[in-house]
Amino acid sequence: MATRIDGTALAAKVKQTVRAEAEALARRPGLAVILVGDDPASRVYVTSKRRDCEECGFYSEEYALPEETTQGELLALVRELNGREDIDGILVQLPLPWGLDEKEVLLAIDPAKDVDCFHPFNVGKLTIGEPVFQPCTPGGVMEMLRKYGIDPAGKRCVVLGRSNIVGKPMAMLLLHADGTVVMCHSKTPDLKELAASADILVSAVGKTGLVTADMVKEGAVVIDVAMNRNDAGKLCGDVCFEEASEKASYITPVPGGVGPMTRAMLMKNTLTAAKLHQDVN
Ligand code: NAP
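Everything in the sequence shown is counted per the working numbering, starting at 185 for the first residue and increasing by one.
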């Protein structure tokens, strides 16, 4: 029976350390969160980020802009925040409403304040193994592996999903940790066989019930990144948790796994940005 990786407990520890380091700075770290439109899920995320900031002793600002905000207005706000000395991190909650150009907005964020690690400059730095910030979700997964003494070196790591925010940076971090990485996506014909060959299996697809027990190797580490809603509206991942637990050595639950770690990593990145801006190593 697999050991359950407790993301909630780990995240609390990460935030405790972040708070202690933040208190030692001359100025407290500041995070600005921009939300455009009134998507209820995005609103929940923004509220929890505000709570995380409070827990870590950060200064935070929230911009709830109306749905009809123009590209020009949004860019002007990002540029204003780029110039503010009390703001270390800028986060634009995605997805943006239809009609707004996400790429242009992300590109406008000062890379030194890009705490989501979405800016091409930071993606490039990550690719060459010199990251400024850890991409939050994959970074959270790596922190979990470290804390549970799971070393990807020499292991076969299979990542399901190739999005820019999860799959690709996840594969990159595992590669930098000396894993042998296989990436799968919707056009991968032999997904089941590849998944079943993994020592470390990371699923970031967004399809409830995708990963069944026959796709889990005996003793594998199973990381479920997905946050889906099942037919009853309950939060769940891609992995059939109970049956996969019978074969895995370690497994993350949903909720209580990768999600809280993602949020904790955002706080860690904001602290890193504050240190960068205050010239503290
Ligand atoms: P996304 O942009 O929709 O990407 C999904 C990926 O899965 C794509 O690469 C897609 O392939 C692939 N895919 C789709 N169907 C597949 C199949 N049947 N077999 C294999 N691969 C398949 O999603 P995302 O933003 O990466 O998010 C993925 C999941 O993680 C979602 O459930 C999301 O809610 C969750 N998430 C969680 C956190 C967290 O903090 N826990 C953070 C971010 C995202 P193609 O590229 O070929 O289309």
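Heads up, the beta-carbon is just placed ideally off N, CA and C, and yes, glycines get one too.
Sorted by chain position, which residues of the same chain lie with C-beta nearer than 8 Å to residue i's C-beta, five sequence neighbours on each side aside?
{"i": "residue 313", "result": "360"}
{"i": "residue 270", "result": "211, 214, 243"}
{"i": "residue 433", "result": "186, 187, 403, 404, 405"}
{"i": "residue 431", "result": "186, 397, 400, 401, 402, 403, 404"}
{"i": "residue 199", "result": "236, 239, 240, 448, 451"}
{"i": "residue 457", "result": "213, 272, 273, 296, 297, 299, 317"}
{"i": "residue 263", "result": "292"}
{"i": "residue 257", "result": "249"}
{"i": "residue 462", "result": "209, 210, 211"}
{"i": "residue 376", "result": "398, 399"}
{"i": "residue 348", "result": "302, 307"}
{"i": "residue 261", "result": "218, 247, 249"}
Can you pull the DSSP bridge partners for residue i?
{"i": "residue 215", "result": "244, 273"}
{"i": "residue 408", "result": "387"}
{"i": "residue 220", "result": "249"}
{"i": "residue 434", "result": "187, 405"}
{"i": "residue 413", "result": "419"}
{"i": "residue 395", "result": "423"}
Return the Cβ separation of residue i and residue j in integer angstroms, given the expectation that the two are a contact with Cβ distance under 8 Å.
{"i": "residue 379", "j": "residue 357", "result": "Not quite, the Cβ-Cβ distance comes to about 19 Å (not below 8 Å), so this is no contact."}
{"i": "residue 233", "j": "residue 447", "result": "7 Å"}
{"i": "residue 251", "j": "residue 222", "result": "7 Å"}
{"i": "residue 451", "j": "residue 230", "result": "That pair is no contact at about 14 Å."}
{"i": "residue 464", "j": "residue 259", "result": "Their Cβ separation, rounded to whole angstroms, is 30 Å, which puts residue 464 and residue 259 out of contact at 8 Å."}
{"i": "residue 207", "j": "residue 255", "result": "So it is not a contact: roughly 39 Å between Cβ atoms."}
Which residues in the same chain as residue i place their Cβ atom closer than 6 Å to its Cβ, once the five residues preceding and following it in sequence are excluded?
{"i": "residue 218", "result": "247, 276"}
{"i": "residue 369", "result": "346"}
{"i": "residue 354", "result": "322, 343, 386"}
{"i": "residue 326", "result": "357"}
{"i": "residue 315", "result": "309"}
{"i": "residue 302", "result": "290"}
{"i": "residue 280", "result": "220, 286"}
{"i": "residue 341", "result": "358, 363, 365, 384"}
{"i": "residue 236", "result": "447, 451"}
{"i": "residue 392", "result": "412, 414, 420"}
{"i": "residue 351", "result": "343, 345, 388"}
{"i": "residue 394", "result": "422"}
{"i": "residue 320", "result": "446, 449, 450"}
{"i": "residue 407", "result": "325, 386, 436"}
{"i": "residue 438", "result": "408, 420, 421"}
{"i": "residue 427", "result": "397"}
Within a Cβ cutoff of 7 Å, which residues of the same chain sit near residue i, ignoring the five residues on either side of it in sequence?
{"i": "residue 205", "result": "455"}
{"i": "residue 389", "result": "344, 345, 410, 422"}
{"i": "residue 189", "result": "328, 332, 434, 435, 436, 441"}
{"i": "residue 226", "result": "219, 277"}
{"i": "residue 265", "result": "216, 271, 274"}
{"i": "residue 444", "result": "191, 192, 195"}
{"i": "residue 324", "result": "442, 445, 446, 448, 449"}
{"i": "residue 338", "result": "362"}
{"i": "residue 429", "result": "185, 186, 435"}
{"i": "residue 460", "result": "296"}
{"i": "residue 253", "result": "220"}
### Query
Which runs of the alpha helix (DSSP H), 4 residues or longer, sit entirely within the region 282-325?
Within the region 282-325, the complete alpha helix (DSSP H) segments of 4 residues or longer fall at 286-292, 304-311, listed in chain order.
### Task
Could you tell me which uninterrupted beta strand (DSSP E) segments, each at least 3 residues in length, are contained entirely in the region 232-290, listed from first to last along the chain?
Those beta strand (DSSP E) runs which fall completely within the region 232-290 and span 3+ residues are 243-249, 273-276.
### Message
Quick check on the contact list: which residues have their beta carbon closer than 5 Å to a heavy atom of ligand 1?
### Response
Each of 321, 345, 346, 347, 350, 369, 370, 388, 389, 390, 409, 410, 411, 442, 443, 446 has a C-beta closer than 5 Å to some heavy atom of ligand 1; these make up the full list, in chain order.
### Query
What are the start and end residues of each continuous alpha helix (DSSP H) run of 4 or more residues lying completely inside the region 323-379, in chain order?
DSSP assignment within the region 323-379 yields the following whole alpha helix (DSSP H) runs of 4 residues or more, N-terminal first: 351-360.
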